[in-house]
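Student: Sharing a structure with you now.
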């Protein structure tokens with residue numbers, strides 16, 4: 001028997017109202033959350049948009065869960081294995097099912113979660129999708145031979161971006177900045193671990209048992225369907241999925257006590273790159289730090305900021321400049337990126353970014369600027385939520401963090417409460433030299 | 448090309464009048480702008496697509512990259528009245544922007560804004576497009592970025608795109624399509640602000656423009672926009688009369704040499720077919736079967752990635768493909784001339800010869816055997832359903848509406864729903880025989896030890912591969928013994944080698 005956990009009632013077309021009103025919710029849709037006895041949460045968002053249904057399965061396991069040595073990249077690898085079928089619906093039959101459905105389907109892995117989606121037309125197809133998806137999550141089956149072949153696909157995926165210096169830059173930043181926490185590696189993982197994947201069959205079974213369980217997963221369904229029918233199908237097909245009860249303990253990252261620095265020599269010509277990372281807070285829709293830092297990123301580093309205008313538009317030292325403060329379950333990095341035009345300007349741009357952070361500690365952000373940022377965030381979100389799949393795709397990320405779409409409205413309410421003082425306090429707390437890691441990348445001189 | 452049903456505006460004419468005229472078969476004045484409207488009452492967003500029927504193929508000889516530089520200055524520079532800094536500051540609270548997407552024969556300026564901000568947004572982009580500032584600072588910044596792209600980024604940081612662009616060089620040598628939209632290092636270096644001004648004046652004119660508007664805009668808004676753009680000069684750029692593309696004679700290779708652990712491969716040949724042709728739908732089924740972009744249905748994906756784990760994916764296209772939202776095709780990349788292509792994602796250098804053989808052998812099987820009835824039925828069902836997902840955002844709906852007009856359909860996606868069910872397996876296999884071949888193919892490769900690959904290709908050396916899985920299925924290994932010795936007729940003088948770093952410095956494939 002499912003229990004209703006929450007229900008937010010609001011008109012489906014509320015988004016059509018002007019967003020200038022302070023009271024408008026950034027996520028205006030009616031939704032329900034129910035939970036099966038085995039712990040599987042279902043977030044259901046029936047919409048009036050005709051015909052299309054977005055069916056997302058969010059497994060709260062990403063590269064963050066790769067806490068054991070030699071297992072980096074495993075969450076992403078397992079995402080690939082999830083397309084290998086079951087005894088009842090083997091891979092070829094699963095592929096044929098999706099083909100006949102004409103679905104837009106795929107999976108992706110992040111630091112914190114792995115997401116599988118099937119976007120399809122026709123409410124009459126919903127039961128078939130629920131049944132087939134439930135089957136693969138409960139009954140996934142593959143042999144050791146299959147895993148060995150798929151392992152080389154991952155190496156191929158690594159090769160797909162081998163010519164991209166941005167990937168190398170972020171790999172080096174994380175590896176340098178983190179000592180203990182699994183955010184030390186990217187979702188793709190270390191190459192040596194990727195190359196050992198063919199030998200990881202037994203671990204893959206353990207991994208599935210630990211993390212691919214109803215108490216670690218959330219279904220998110222948005223679009224043209226009837227909620228009662230959805231829940232009837234979900235109970236019917238997911239009811240036998242067994243709980244895991246596994247409790248992950250991610251290593252606690254010790255405080256960084258001195259500045260760190262790394263450099264990468266790219267073998268051919270390329271534009272120089274710079275990234276500066278500071279350890280920051282985890283996502284929260286309740287405490288003010290992360291919200292204040294999000295506003296700081298916009299105040300000081302968005303294209304409308306004075307620093308961006310100076311370095312990119314006026315002085316033309318940088319091709320691009322930006323700040324990226326990801327929302328993560330554990331404390332991650334507050335990152336400042338710059339793509340430059342000349343190697344000789346690296347120190348100058350680094351010093352200008354650091355000066356901007358000092359300024360953020362000492363000078364309150366103008367009230368008008370904060371109002372503009374809040375406006376930007378609301379309209380960006382309204383645009384992202386403009387289609388059925390836009391709603392599901394955007395929410396998948398927040399649901400991973402908080403298991404409830406309400407977190408979006410809570411977060412935006414928090415943004416409303418942030419004061420210039422909060423931003424200064426957060427800047428002082430996190431932007432300390434001892435907490436910084438600088439990574440640079442420059443190209444070779446040879447042709 | 449089918450008959451067009453375009454609407455057009457003159458000055459402040461109400462939108463109903465030209466629609467009526469078009470419906471009555473009135474001739475369209477090529478000197479005047481046209482428009483595509485998709486009003487959606489109650490929708491909170493408004494999407495603009497200002498399409499200009501002038502692309503990189505219109506670059507004057509020796510000034511390759513001029514079109515992109517000019518259009519980039521419109522999208523990324525200030526207007527006469529305000530600077531790019533002021534524009535950025537005004538756009539920011541609206542979360543709005545004006546982006547540029549361009550191709551060989553057209554460019555599209557796109558923007559989506561909440562209707563709360565429609566007036567403010569439009570006032571800015573109107574000036575950006577109709578009254579550009581063309582300031583020296585903006586010019587220098589955008590020109591430098593474009594130069595850096597062709598000199599460094601394209602050849603060093605994005606091998607998959609680089610491979611596709613080498614294929615473009617091979618298919619369109621001495622052809623207006625035959626240079627990258629960004630030009631060459633040599634040509635871009637010589638571009639001046641005067642060039643940009645002249646190109647704008649010549650080509651940003653009424654007859655070249657299709658105004659696209661979708662969403663919840665007010666009833667009188669479209670007429671207002673049309674009146675503003677109706678002040679542009681009443682003239683047009685004649686449609687390019689294109690020479691034939693290069694049809695390869697046999698297998699022709701260009702191998703770009705660079706230090707890399709992975710080999711990127713693209714291959715293809717021109718085909719005399721576009722979405723305007725009735726045969727398109729039949730060949731579409733064949734293309735989807737053989738290599739639907741980033742979907743499991745792709746046969747190449749199944750054979751090369753899923754069965755053998757060679758790389759991340761393998762796909763094929765019956766016309767020029769640019770990925771839009773998610774994995775769906777982006778609209779507004781139409782061309783008069785099209786090409787068939789295969790995209791092999793990067794794989795270990797040790798397996799490159801095997802996979803080139805495998806892809807060409809699969810192409811031969813496609814041409815020789817066509818699709819089975821079972822596969823035909825499955826893929827047709829797939830396309831009928833998958834294409835229902837193409838146009839989800841209002842911008843996508845508008846874009847497909849504009850492409851429909853270009854190709855002469857009331858609604859191309861609706862036409863697919865109408866035509867596909869009527870096709871037979873014989874129609875598809877006939878289209879394959881008519882348009883595809885496996886013997887005359889251009890192959891672009893980026894790899895290390897290019898000489899070694901050329902020697903292997905020319906000598907038809909066996910190319911066995913090794914697997915991490917010691918228990919590969921018998922049928923795969925049996926097929927491998929055939930693939931590894933599958934003969935390719937590659938002549939030494941048809942396998943050109945060039946240093947990767949020398950591409951895009953000048954027009955064409957560099958000589959080693």
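Chains as they are written, first to last, in the numbering used here: chain A, 1 to 447; chain B, 448 to 959.
We put the beta carbon where it would ideally sit given N, CA and C, even for glycine.
None of these values were measured; they are calculated from a predicted model.
(1) Give the single residue among 802(B), 921(B) and 773(B) whose Cα lies nearest to the Cα of residue 106(A).
(2) Is residue 472(B) buried or exposed, if buried means 16 or more other CB atoms sit within 10 Å of its CB?
(3) For chain A, check one thing: does any of its Cβ atoms lie closer than 9 Å to the Cβ of residue 756(B)?
(4) Is any beta-carbon of chain A found at less than 9 Å from that of residue 957(B)?
(5) With 8 Å as the limit, tell me which residues of the region 44 to 57 of chain A have their beta carbon closer than that to any beta carbon of chain B; keep them in chain order.
(6) Which of the three DSSP states, helix, strand or coil, is assigned to residue 549(B)?
(7) Of the choices 918(B), 919(B) and 833(B), whose alpha-carbon is the least far from that of residue 51(A)?
(8) Let's test the definition: count the other Cβ atoms within 10 Å of the Cβ of residue 416(A) and tell me whether it reaches 16, buried, or not, exposed.
(9) Put residue 185(A) into one of helix, strand or coil per three-state DSSP.
(10) Taking the CB atoms as reference points, tell me whether residue 684(B) and residue 782(B) lie closer together than 9 Å.
(11) Less than 9 Å separating the beta-carbons of residue 530(B) and residue 582(B)?
(12) Output needed for residue 195(A): all residues of its chain with C-beta closer than 6 Å, excluding positions within five of it in sequence on either side, in chain order.
(13) Identify each residue in the region 145 to 161 of chain A for which the Cβ-Cβ distance to at least one residue of chain B is less than 9 Å, and report them in chain order.
(14) Keeping to the same chain, check which residues put their C-beta closer than 7 Å to that of residue 906(B); ignore five residues upstream and five downstream.
(15) Using CA atoms only, rank isn't needed, just tell me which of 56(A), 121(A), 151(A) and 99(A) is closest to residue 80(A).
(16) According to DSSP, residue 785(B) sits in a beta bridge with which residue or residues?
(17) Between residue 182(A) and residue 392(A), how many whole angstroms is the CB-CB distance? I'm expecting something under 8 Å.
(18) Give a yes or no on whether the minimum CB-CB distance between residue 98(A) and chain B is below 9 Å.
(19) Rounded to a whole number of angstroms, what is the C-alpha to C-alpha distance between residue 140(A) and residue 659(B)?
(20) What are the residues that DSSP puts in a beta bridge with residue 776(B)?
(21) How big is the Cα-Cα spacing for residue 590(B) and residue 640(B)?
(22) So, is residue 844(B) buried or exposed, given that buried needs 16 or more other C-beta atoms within 10 angstroms?
(23) Listing by chain order, which chain B residues have their CB less than 7 Å from the CB of residue 372(A)?
(24) Listing by chain order, which chain B residues have their CB less than 8 Å from the CB of residue 387(A)?
(25) Residue 247(A) versus chain B: which residues are under 7 Å apart at the beta carbon?
(26) Whose Cβ in chain B lies nearer than 7 Å to the Cβ of residue 101(A)?
(27) Between the region 310 to 321 of chain A and chain B, which residues of the former have CB atoms less than 9 Å from a CB of the latter, in chain order?
(28) In angstroms, rounded to a whole number, what distance separates the CA positions of residue 173(A) and residue 108(A)?
(29) Only counting the same chain, and skipping five residues up and downstream in sequence, which positions put a Cβ closer than 7 Å to that of residue 947(B)?
(30) At a Cβ cut of 8 Å, what residues of the region 114 to 134 of chain A count as close to chain B, listed as they run along the chain?
(31) Measuring only between beta-carbons, confirm whether residue 271(A) sits less than 9 Å from chain B.
(32) Which residue marks the beginning of the beta strand (DSSP E) containing residue 875(B), and which one marks its end?
(33) Given the structure, does residue 341(A) come close to the ligand COA, in the sense that its CB is under 8 Å from one of the ligand's heavy atoms?
(34) Just tell me which of 674(B), 790(B) and 776(B) has its CA closest to the CA of residue 710(B).
(35) Could you check what DSSP says for residue 250(A) in three-state terms: helix, strand or coil?
(36) Decide if the region 235 to 251 of chain A is in contact with the region 33 to 44 of chain A; the criterion is three or more beta carbon pairs, one per stretch, under 8 Å apart.
Tutor: So, to answer that:
(1) 773(B)
(2) Caution applies to residue 472(B), whose pLDDT of 49 falls short of 50 and renders its modelled position unreliable; the value that the coordinates give is listed next. With fewer than 16 Cβ atoms within 10 Å of its Cβ, residue 472(B) is classed as exposed.
(3) Taking CB atoms only, residue 756(B) has a neighbour in chain A less than 9 Å away.
(4) The beta carbon of residue 957(B) sits no closer than 9 Å to any beta carbon of chain A.
(5) Those residues of the region 44 to 57 of chain A that come within reach of chain B (Cβ to Cβ, closer than 8 Å) are 51 and 52.
(6) strand
(7) Nearest neighbour of residue 51(A) by Cα position, chosen from 918(B), 919(B) and 833(B), turns out to be 833(B).
(8) exposed
(9) coil
(10) no
(11) yes
(12) Nothing listed; no residue qualifies.
(13) Along the region 145 to 161 of chain A, going in chain order, the ones with a CB nearer than 9 Å to a CB of chain B are 145, 146, 147, 148, 149, 150, 151, 152, 153, 154, 155, 156, 157, 158, 159, 160 and 161.
(14) none
(15) For residue 80(A), the closest of 56(A), 121(A), 151(A) and 99(A) by C-alpha to C-alpha distance is 151(A).
(16) 718(B)
(17) Their Cβ separation, rounded to whole angstroms, is 27 Å, which puts residue 182(A) and residue 392(A) out of contact at 8 Å.
(18) yes
(19) 47 Å
(20) Note: residue 776(B) sits in a beta bridge opposite 770(B).
(21) 10 Å
(22) buried
(23) 539 and 540
(24) Scanning chain B for C-beta atoms nearer than 8 Å to the C-beta of residue 387(A) yields 839 and 840, reported in chain order.
(25) The CB of residue 247(A) never comes closer than 7 Å to any CB in chain B; the least such distance is about 34 Å.
(26) 832
(27) For the region 310 to 321 of chain A, which is checked against every Cβ of chain B, the residues closer than 9 Å are 312, 313, 314, 316 and 319.
(28) 22 Å
(29) 602, 703, 704, 705 and 893
(30) 119, 120, 121 and 122
(31) Yes, residue 271(A) counts as interfacial toward chain B.
(32) Counting along the chain, residue 875(B) falls outside any beta strand (DSSP E), though it belongs to the alpha helix (DSSP H) covering 872 to 882.
(33) Within the structure as shown, the ligand COA is missing, as the structure has no ligands at all.
(34) 790(B)
(35) coil
(36) yes
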